[in-house]
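Here is the structure we will look at, set down as structure tokens.
Number of protein chains: 4
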Amino acid sequence: MAVSREDKYEKIIDAAIEAFAEVGYHSCQVSKIARMAGVADGTIYLYFKNKEDILIKLFTERMGEFIQLIRSKMESCHDTRSRLRTLVQTHFTHMENNRSLAMVTQVELRQPNVSLHNAISGPLRDYFRLVEEVIKEGIRQGEITSTVDIRVARQMIFGTIDRATTDWIFARSERTLSKDIDSLMELFAGALGLPNEEKQERERKSKITM
Amino acid sequence: MAVSREDKYEKIIDAAIEAFAEVGYHSCQVSKIARMAGVADGTIYLYFKNKEDILIKLFTERMGEFIQLIRSKMESCHDTRSRLRTLVQTHFTHMENNRSLAMVTQVELRQPNVSLHNAISGPLRDYFRLVEEVIKEGIRQGEITSTVDIRVARQMIFGTIDRATTDWIFARSERTLSKDIDSLMELFAGALGLPNEEKQERERKSKITM
Amino acid sequence: MAVSREDKYEKIIDAAIEAFAEVGYHSCQVSKIARMAGVADGTIYLYFKNKEDILIKLFTERMGEFIQLIRSKMESCHDTRSRLRTLVQTHFTHMENNRSLAMVTQVELRQPNVSLHNAISGPLRDYFRLVEEVIKEGIRQGEITSTVDIRVARQMIFGTIDRATTDWIFARSERTLSKDIDSLMELFAGALGLPNEEKQERERKSKITM
Amino acid sequence: MAVSREDKYEKIIDAAIEAFAEVGYHSCQVSKIARMAGVADGTIYLYFKNKEDILIKLFTERMGEFIQLIRSKMESCHDTRSRLRTLVQTHFTHMENNRSLAMVTQVELRQPNVSLHNAISGPLRDYFRLVEEVIKEGIRQGEITSTVDIRVARQMIFGTIDRATTDWIFARSERTLSKDIDSLMELFAGALGLPNEEKQERERKSKITM
DNA sequence: AATGAATGAGCCTTCATTCAT
DNA sequence: GATGAATGAAGGCTCATTCAT
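Residue numbers (my numbering), protein chains in the order written: chain A, 1 to 210; chain B, 1001 to 1210; chain C, 2001 to 2210; chain D, 3001 to 3210.
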């Protein structure tokens, strides 16, 4: 079957996510991934250069999809506040729906390993760029104070989301990530000087009236 | 001599910081630390349970001192804004002055390892508590909107500082961390609803007059 | 087609000679031979039992041809000296003209492997027998001292030729093998007590006269 | 003990010789050598860089001693014939007394491996030099025809000895190497034009008389 | 207390061979 | 006959830790 090959690749990626989340990258034997994917050890090496390559490809691929998902969700947004909310919402929901992937992203991928770091920095920079685009658009639209330092603002947004996700991963409680979105948005709105929602609502209406 | 023992312990910690920063925790052989500390391999084990214990003790000790340093610097601060600024300032300056330690803190300590994580969580929670105290005090003093979610606000503050530090560690440019403090404080002030500095000045004066 | 089958077999043998000579038997992957022969990996196993079998068949076949070649060239020789010279000459020329094969013969086939050794010993013994036949005939004809130990003499002749060939394979210089033939023959003639050429010439003439 | 370290090194070398001779270099696991030497696997790597290094050091060391042995035995020889006989005799006796080493030398060390070949070529060249010195001295003393090509003569002597040794290693019979010495010497003497022993004896006597 | 030689557990990867198509 | 994707066995080496001195 033509699908078979692609199937196997995905099977290995999926197995690796579960395996890494379960026992950690370092303690995870390649044979465990193979077993979980239902393939032979050697088969792994027909699709991946080595164990690290699995982690890299896994991240690159899933992160790419993730960023695409956020972008597509943001398309219907007309202001910075909703864009930011969509970003946070999508990020949190995605992590909640893919807890093993979140585990890998928040924990396993923080390996202090040069080649891993290099491989990861690409997709990570894409995410950074996405956040900065939202900020820039906000400034252009006059929603965000123009004095804001874009890089620093991005560090705040990403750093906060990232920290919240990591805390959630390590927390034993059943608390969801999503229920912090309002509090978070309040902070972001205040930090960036976003117009409050009533004001924005009023402005939108007046626009329509005109 | 009693000093000798303490000396050796510190020597090993210092050597480990440099060694971990240089080649990374995993690639760093215990014998390298021993060599850099000027002791025999076996001597390490008179002071530390194992390799991981060096990393843990190193972090616990330095983090404790670090938190103490921030607390003492904050003592002379009379409002939330200056407390926060002192915290950020001290954090950034300390990292800039101890780049190897920063490397270890931001990179090496992110090992996805359960026992390491547990050992680290103590001092980390101390830091979190410190940040949350500042926020609580701000709310109590009416400087911070009382609707703010303390945990989320702490995640923002810590997450942002942490991300900025990590970015700085990995950046090749000569940019310092410190020169982002103003931009950062602007964001924090907006997020927490801190009174702007002129207003605060006015209020302080009126207090004195009264 | 019947030819096709034979063709493919030869193609694989030829590819193997080049491949083994290039990277050595152990480092040579079966897939490399397949690629160089223009067939699929699996096809190899339709013609050969396994990788070692290629080496064995290769040697057996080429060695057989080689011995045949020497025998046919020797047919026109009427005395031991010319027979020996023909043997050495043909051996050296053949190696010079088939450097890759020489590489395999002198280097790759020296694998310390029991089954390989057993398989090789057949054709090798054929060669030994050929040399010993020349010696025996020499003794019978009175050209070689009858006290000569045939096995030892054969060891000398084969050992010397073999050593010279190995030296040539590993030498970086452009020196040919063939130009050592005269020196070599001088040694062999002395060792075996062969009549010098003038004397032989005289004897032959007197024979004819009689 | 000061000896201990050297002891262990020798123990490993000795064990390796036996192990390689028994199952062959490639099939021989490092752990087997360790077991036979009575040390831990890791200990091997305190004395040798890797498995190949054992083979190299083994050969270099034993070959050096071997060459020294031959040289010292030859010191008391006053003519080429006795020097050659001593060389052959010592070579054969040494191989007979160290069958495992002979196995390694004649079989395992013929691996077609570049780094191995390079490491081996040094001591091998030393042996070649030794043989060539004997030939040169013979020419200088007028015992060997001056028209002899030294390199080719060396190839004959070494090649013959080497072939005889290899044949002996692979032979199943109980035949010793040593009993071929006379036959061999006869061939060498003839090849090099050495004066026969009676003649030499006569010359020596006449010298004394004068 | 200090040493450092010795230990030995542990795993990624290769590649000859198979077999479903 | 031909293919080539899939298989899975097998082992050299590292290095944290120990312990006799």
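All C-beta atoms, glycine included, are put in the ideal place defined by N, C-alpha and C.
Keep in mind that this is a model prediction, so the values were computed, not measured.
Check Q3111 of chain D in the structure and name its three-state DSSP category.
In the structure shown, the three-state DSSP call for Q3111 of chain D is coil.
Please report the residue range of the alpha helix (DSSP H) in which T2160 of chain C lies.
T2160 of chain C: member of the alpha helix (DSSP H) spanning 2150–2170, first to last residue.
Residues of the stretch 26–41 of chain A with Cβ closer than 7 angstroms to any Cβ of chain B, in chain order
Hits within the stretch: zero.
Taking all protein chains shown into account, do 16 or more other C-beta atoms lie within 10 angstroms of the C-beta of F170 of chain A, making it buried, or fewer, making it exposed?
Around the beta carbon of F170 of chain A, fewer than 16 other beta carbons lie within 10 angstroms, which makes this residue exposed.
Residues of chain D with CB under 7 angstroms from F2158 of chain C, in chain order?
Per Cβ cutoff of 7 angstroms: R3163.
Please confirm whether R3125 of chain D has its beta-carbon closer than 7 angstroms to some beta-carbon of chain C.
With 7 angstroms as the cut-off, R3125 of chain D does not count as an interface residue toward chain C.
Enumerate in chain order the residues of its own chain whose CB-to-CB distance from I3181 of chain D is below 8 angstroms, with the five nearest sequence positions on each side excluded.
Within the same chain, I3181 of chain D has close Cβ partners R3085, V3088, Q3089, F3092.
Can you find a CB in chain D that lies within less than 7 angstroms of the CB of D2053 of chain C?
At a cut-off of 7 angstroms, the C-beta of D2053 of chain C has no neighbouring C-beta in chain D.
Start-to-end residues for the alpha helix (DSSP H) that takes in G2042 of chain C
In the DSSP annotation of this structure, the continuous segment of the alpha helix (DSSP H) that includes G2042 of chain C starts and ends at 2041–2047.
Between Y25 of chain A and L55 of chain A, which are expected to be in contact by the criterion C-beta below 8 angstroms, what is the C-beta distance as a whole number of angstroms?
Indeed they touch by this definition, with Cβ atoms about 6 angstroms apart.
Helix or strand or just coil, what does DSSP make of Y1025 of chain B?
It is coil, neither helix nor strand.
In three-state terms, what does DSSP make of N3118 of chain D?
The DSSP-derived three-state label of N3118 of chain D is helix.
Within the same chain, show all residues whose beta-carbon is closer than 7 angstroms to that of V1003 of chain B, passing over the 5 residues directly before and after it, in chain order.
Low per-residue confidence applies at V1003 of chain B: pLDDT is 49, beneath 50, and the placement is therefore not dependable, though the value from the model is reported in the following sentence. Same-chain partners within the cutoff: there are none.
Measure how close the beta-carbons of V2104 of chain C and A2189 of chain C come, nearest whole angstrom, since I'm counting them as under 8 angstroms.
Taking the Cβ atoms as the reference, V2104 of chain C lies roughly 31 angstroms from A2189 of chain C, outside the contact range of under 8 angstroms.
In whole angstroms, what separates the C-alpha of M3043 of chain D from that of F1048 of chain B?
It should be noted that the sequence gives Thr, not Met, for residue 3043 of chain D. Using only the alpha carbons, I get a separation of about 25 angstroms.
Just to make sure I have the definition right: I need the residues of chain B whose C-beta is within less than 8 angstroms of the C-beta of P112 of chain A. Which are they?
Under the 8 angstroms cutoff, chain B gives G1024, Y1025, H1026, V1107, E1108, R1110, Q1111.
N1097 of chain B, enclosing alpha helix (DSSP H) - first and last residue
First-last of the alpha helix (DSSP H) with N1097 of chain B: 1080–1097.
So what's M2001 of chain C in DSSP terms, helix, strand or just coil?
Caution applies to M2001 of chain C, whose pLDDT of 45 falls short of 50 and renders its modelled position unreliable; the value that the coordinates give is listed next. In this structure, M2001 of chain C counts as coil in the three-state DSSP scheme.
When you compare only the Cα positions, how much space is there between F66 of chain A and E96 of chain A?
Using only the alpha carbons, I get a separation of about 13 angstroms.
Among B:A1153, B:T1145, B:D1014, which residue has its Cα nearest to the Cα of F1128 of chain B?
Residue B:A1153 is the option with its Cα nearest to F1128 of chain B.
Contact set for N1196 of chain B: own chain, Cβ-Cβ below 8 angstroms, skip 5 residues either direction
Once the five neighbours on either side are set aside, the close Cβ partners of N1196 of chain B are A1189.
Within its chain, find whatever has a CB closer than 6 angstroms to the CB of L2046 of chain C; leave out the 5 residues flanking it on each side and keep chain order.
Correct list: empty, nothing qualifies.
Please confirm whether V2152 of chain C has its beta-carbon closer than 7 angstroms to some beta-carbon of chain D.
Yes - at least one Cβ of chain D is within 7 angstroms of the one on V2152 of chain C.
What distance in whole Å lies between the Cβ atoms of I144 of chain A and L187 of chain A, which are believed to be in contact at a cut-off of 8 angstroms?
Taking the Cβ atoms as the reference, L187 of chain A lies roughly 14 angstroms from I144 of chain A, outside the contact range of under 8 angstroms.
Quick one: any contact between the stretch 1008–1020 of chain B and the stretch 1035–1042 of chain B, if contact means 3 or more CB pairs under 8 angstroms?
Look at the beta carbons and you see the stretch 1008–1020 of chain B touching the stretch 1035–1042 of chain B: at least three pairs across the two are nearer than 8 angstroms.
Given this structure, state the Cα-to-Cα distance separating K2032 of chain C from V3114 of chain D, to the nearest angstrom.
A direct Cα-to-Cα measurement between K2032 of chain C and V3114 of chain D gives close to 20 angstroms.
Please work out which residues of its chain come closer than 7 angstroms, Cβ to Cβ, to L3194 of chain D, disregarding the five sequence neighbours upstream and downstream, and give them in chain order.
Contacts found: T3080, R3081, E3143, I3144.
C-beta neighbour in chain A for D1014 of chain B, strict 7 angstroms:
So, not an interface residue.
For V107 of chain A, the nearest candidate out of B:E1108, B:P1112, B:V1107 (CA to CA):
Distance from the Cα of V107 of chain A is smallest, within the candidate group B:E1108, B:P1112, B:V1107, for B:P1112.
Going by beta-carbon coordinates alone, are F2059 of chain C and I2120 of chain C separated by less than 7 angstroms?
In this structure, I2120 of chain C lies closer than 7 angstroms to F2059 of chain C by Cβ.
How would you label E3140 of chain D, buried or exposed, when you count the other beta carbons within 10 angstroms and need 16 or more for buried?
The residue asked about is misnamed: residue 3140 of chain D is Arg in this sequence, not Glu. Label assigned to R3140 of chain D: exposed.
If we define contact as Cβ-Cβ less than 7 angstroms, is Q2264 of chain C a contact residue for chain D?
Residue 2264 of chain C cannot be examined here, being either before or after the span of chain C that is shown, 2001 to 2210.
Own chain, CB closer than 8 angstroms to V3030 of chain D, minus 5 neighbours either side, in chain order
Hits under 8 angstroms: D3041, I3044, K3051.
Would you report the Cα separation of S1027 of chain B and R175 of chain A, rounded to the nearest angstrom?
S1027 of chain B and R175 of chain A: Cα-Cα distance of roughly 37 angstroms.
If you drop the 5 nearest sequence neighbours on each side, which residues of the same chain put their C-beta closer than 7 angstroms to that of E2132 of chain C?
When the five nearest sequence neighbours on each side are left out, the beta carbons in the same chain lying within less than 7 angstroms of the beta carbon of E2132 of chain C are those of I2150, R2154, in order along the chain.
Interface residues of chain D facing G2138 of chain C [CB-CB closer than 7 angstroms]
The contacting residues do not exist; G2138 of chain C stays about 13 angstroms from chain D at best.
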